[in-house]
Each structure stands twice: as C-alpha cells, then as structure tokens.
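To start, the structure itself, in structure tokens.
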Amino acid sequence: MTPPKLLAARAGVAERAVESRHLRRVWGLPGTRLGSAGWPVDWASRAHVRFGYWWQAHLLDCLLDAQLRAPSAARLRVVRRLVRGIRVRNVVGWTNDFYDDVAWLGLALQRAADAGVAKPKAVDAIARRLRSGWTDHAGGGIWWKRHDDFKNVPANGPAAIFFARLARRGGERTDLGRARSIADWVEDNLLDDETGLYWDGLHVHPDGSVREVERNLYTYCQGVMLGACVELGGDRYADRAARIITAVDKVLATDGVVRGQGGGDGGLFGGILVRYLALAALRLDRPEAERAAELVFSSAEAAWSNRLMVVSGPLFGPEWTERAMRPVNGGAERDLSVQLGGWMALEAAALLERNGFPPPRW
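Take any residue in the sequence shown, note its place counting from 1, add 1298, and you have its number in my numbering.
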C-alpha cells in the first residue's frame, strides 16, 4: 500500500521541478511569470518567443491544483504573476483566434477567482468570444479557430465545461443551456458508435454541410467530454460519462495507464484526460467512478515510476509506461507540455488521496 500522503508529496516534487526549470519573467518585467516552452532553456525559451497560450493556461491550472493541495501565500503570488505574465505576453488582450485556447484560459481563471485572484473582465471577454463561436454550420457547435472551417471536440468540450461553471457563477441565463447544446452537438455529430469515444472534429463547407470527419481518437477529446458530462449532471450525462470511462479503459489505456500522444501539444492530452477522470471519480454516481479512480492512480504511478531524475527534480516522459529520456538535441521531454502532463496526473492522484480514495496495491 502506498503510504498516506505520499501522492501529495510526489505532486509537490513535480511542482518544484517545473517551477525551477520553466518559470521565468516575461521580458524581464517585475511581477510577471510565464512558463518557458522548453528545457534546457535556450534564448528563444528565455525570451518566450514561443508563447504556447494554452500551455500557460494548464500551468495556471496546475498551480491552482497545488494551492488546493497545500495552500501558501508564496504560491498565490506566483499565480498572480503568471496571470499577469499571460496578459502581458499575449499583447492584444485576454483572447486569441483559437476558441479552445480561450476556453482553457477561461477555465483556469474561473478557478483562480476561487483562490482569490479574480479577473472578472478577462472572464467576461472570454465568455463573449466563446458565445460568438457557435454557428449553425453542421447543425451547431463552436469553431476551432476564427474564420476556419473546422469544428472539433478540443474547442467544444472545454467550452461546455466553462459555460456549465459560468452558469453557476452568475453568468447569462442561457449559459447552462448553451453548455448542454454544445455537449449534445458533439454527441450527435462526433460519437464513434463502435468504440463509444469521440472523434476529433469535422470540416464544414461554406453552405454548412459537412465535408469531412476527422476520425482520430484522442485522449484529450475524451477528457473534456467526460468533464462536460460530469459538470452537467443528471442521468443522461452521467450515463455518457460512464460510457466514456469504460471506453477509455478499453481503447486508450495500456494495463490501466492512459496512453501518451507524443510531445508538443500532445504532451498535455493524457494529463487532461486524467484530470477529468479524477473529477468523475469524485462526483459521478455510477459504478464506473471506481474504475476512473483506478485509471488515475495507475497513470500517476506509471508517470512517477518511469521518471528520470535530473538535478532540478523529476523529468517525465510523453509515454508514462516508458522510461523518460534526457532531452538531448530535442526530445519530447524538453517540452513544458509533457512536464505539465505528468504533474497533472500526480495532482489528480493527490486529489483523490485527500478525498479518501485508497490507492491500489502495486
């Protein structure tokens, strides 16, 4: 049996490693922080040439996980500096052209407000942008990017979660209905009946008809739809959540460990799924909630067991069932996204630990 609170300690070690390797000021400005895209940090990473807007949103989310695990005034200062750093580096405001990016920052800022770092104007701007992303093309749904032809789960899933939470926080009266409409559109248009999972997205002709469906099955897509179903509640969405958990276990996990999707943006995919598996384990009133917890614990254990120890702490790999490698001349382990994915898995396991879920025997 894993000793009590060991999972929380592991999450703390992961936090310190990411902070020491990646957190830097934005262009030397005091009162700012941002996660450098790569490590070892080269000049481009130090100058934040590559921004990675949605990576920063997940960095903020991870810090907020840590604040719930072990509240501290020092970390809250880092949260404030990161929020300011995101705004400074984004230059033009709080949003960009990608609706999925915007939704992720909106979710993180909602949680930041709960921790005492409220940015209501930013959340309002994000809500307006996401509301504008829904059109009747292909029967509904939010675009992936402004002025594009693609509607996908990576944009619609986090937007549904955002609106469901916004409805509970005093948003517009239509926001809860909007969240349901988004989740139902995905179910009706992107469900793979054979696996019970969701395809990536679909391309749309100018007249609104569907041109092509992208049938890739990403862990990211299952995670955000699981999160949306749990947030929406009720038997209909709970049944969908239970189906997603069973299908993930069957199709997208190896011996109970969520599969990786490489470096770059894919480095976050597994962590996103594990985050919402933990949420489902806590809130889903279905027998599958126990299996969700087992997937979280097994994934976190694999990520930890296959870490590489370097001077600054643990280095996680993109595939948690395989040993992490030192990033020489590139390599996925260099990416902030991959390190955040490992950290997210450990925070998810620590969340279940402190809520009374017993870790399995390994």
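C-beta: ideal position from N, C-alpha, C; glycine also.
Straight-line CA distance for residue i to residue j?
i     : j     : result
F1614 : W1337 : 12 Å
T1300 : F1567 : In this prediction, T1300 has a pLDDT of 47, which is less than 50 and means its spatial position is unreliable; nothing more can be read from the coordinates.
R1476 : N1653 : 31 Å
C1519 : A1413 : 27 Å
D1292 : W1497 : As shown, the chain starts at 1299 and ends at 1660. That puts residue 1292 outside it, with no answer to give.
E1512 : G1329 : 42 Å
A1355 : N1454 : 17 Å
L1362 : D1505 : 43 Å
E1529 : A1462 : 6 Å
L1332 : R1344 : 10 Å
F1655 : A1598 : 14 Å
G1564 : G1558 : 8 Å
A1729 : G1326 : Missing from the structure shown is residue 1729; the chain here goes from 1299 to 1660 and no further.
P1625 : A1465 : 43 Å
W1341 : W1352 : 21 Å
H1445 : H1346 : 27 Å
R1409 : A1436 : 32 Å
A1416 : R1429 : 21 Å
G1562 : D1633 : 6 Å
G1259 : G1439 : Residue numbering for the chain in the displayed model covers 1299 to 1660; residue 1259 lies beyond these limits and cannot be assessed.
P1658 : G1640 : 19 Å
T1493 : L1582 : 21 Å
G1468 : A1335 : 35 Å
Go ahead and pull the three-state DSSP assignment for residue i.
i     : result
R1509 : strand
T1300 : With a pLDDT of 47 at T1300, under the threshold of 50, the modelled position of that residue is not reliable, and no figure is offered here.
A1309 : helix
H1501 : strand
L1550 : coil
L1649 : helix
M1607 : strand
Y1496 : strand
V1316 : helix
R1322 : strand
F1396 : strand
F1448 : strand
G1336 : strand
P1658 : coil
L1489 : strand
Nearest to residue i by CA position, among the options, is which residue?
i     : options                    : result
R1541 : D1498, G1499, F1567, A1587 : A1587
P1612 : V1316, K1303, L1304        : V1316
R1314 : A1646, P1656, Q1637        : Q1637
A1646 : V1390, V1572, L1464        : V1572
A1601 : E1529, R1466, G1554        : G1554
R1589 : G1532, A1551, G1431, L1407 : A1551
G1350 : E1651, R1605, R1367, H1320 : H1320
R1534 : V1502, G1628, R1584, V1376 : R1584
L1407 : K1419, G1438, Y1397        : K1419
R1387 : P1369, A1411, V1339, R1348 : R1348
G1569 : G1628, P1616, D1447, V1389 : P1616
V1377 : R1367, D1359, A1368, N1394 : D1359
A1411 : L1366, R1478, V1389, K1449 : L1366
Cβ atoms of residue j and residue i: under 8 Å apart, would you say?
i     : j     : result
W1392 : R1385 : yes
G1560 : A1643 : no
L1380 : L1403 : no
L1495 : V1508 : no
A1457 : A1401 : yes
A1306 : A1591 : no
R1538 : E1485 : yes
W1442 : D1398 : yes
I1459 : L1405 : yes
V1451 : L1474 : no
S1318 : S1635 : no
Taking CB distances under 8 Å as the criterion, tell me whether residue i reaches chain C.
i     : result
A1372 : Here chain C cannot be found, since the structure has a single protein chain.
Below 8 Å, can you find three or more Cβ-Cβ pairs linking the stretch 1620-1631 to the stretch 1533-1553? no
Taking 8 Å as the threshold, find out whether the stretch 1571-1581 comes into contact with the stretch 1514-1533 through three or more Cβ pairs. yes
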